[in-house]
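Please read the structure below before turning to the comments.
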Amino acid sequence: MSTISKLIAHDIIFTDKYAEDNAAKIVTYRNQFDGGLSFAVVFERDHFLKYELSPACDDVKTVWISPEYSKHTSKSSQAQSNKKGLTPYGQSLFLDSVVTSL
1087 MSTISKLIAH DIIFTDKYAE DNAAKIVTYR NQFDGGLSFA VVFERDHFLK
1137 YELSPACDDV KTVWISPEYS KHTSKSSQAQ SNKKGLTPYG QSLFLDSVVT
1187 SL
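For this note's numbering, count along the sequence shown from 1 and bump the result up by 1086.
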């Protein structure tokens, strides 16, 4: 699993800091151990639904879909997103709240 922090998720979405990693999407999920909210990245080389299909991940929600990735696949229909690739859920996490809480 490619669990990341909210800060790294922010950097993937809003900066070019990790561009060479070819992230396809970012999701959140509730982990099976303590029910805590976790962020994870799905890379282009991964199965696009790896978290949705994992028995260890509950309540998986798409935060962001790479605009570059969605140009080459129909996967973007999985969630409506804005020009930055943020889904409405992603917007609620990053744009509607104070980013200093990262």
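Yeah, the Cβ is synthetic: ideal placement off N, Cα and C, and Gly gets one too.
Taking 8 Å as the cut-off, the Cβ atoms of Gly-1121 and Ile-1151 do not count as close. Fully contained in the region 1130-1160 are the following beta strand (DSSP E) runs of length 3 or more, in chain order: 1143-1151.
If you draw a straight line from the Cα of His-1096 to the Cα of Phe-1180, it is about 8 Å long.
Linking Tyr-1155 to Leu-1093 through their CA atoms gives a straight-line distance of about 21 Å. The beta carbon of Thr-1101 lies closer than 6 Å to none in the same chain, with the five residues before and after it left out. Per DSSP, the unbroken alpha helix (DSSP H) holding Lys-1092 starts and ends at 1092-1100. In the three-state DSSP reduction, Tyr-1115 falls in the strand class (E or B). Annotated three-state conformation of Ser-1124 is strand, per DSSP.
Taking the Cα positions, Ala-1105 is about 12 Å away from Glu-1130. The criterion of a C-beta distance shorter than 8 Å is not satisfied by Lys-1136 and Val-1149.
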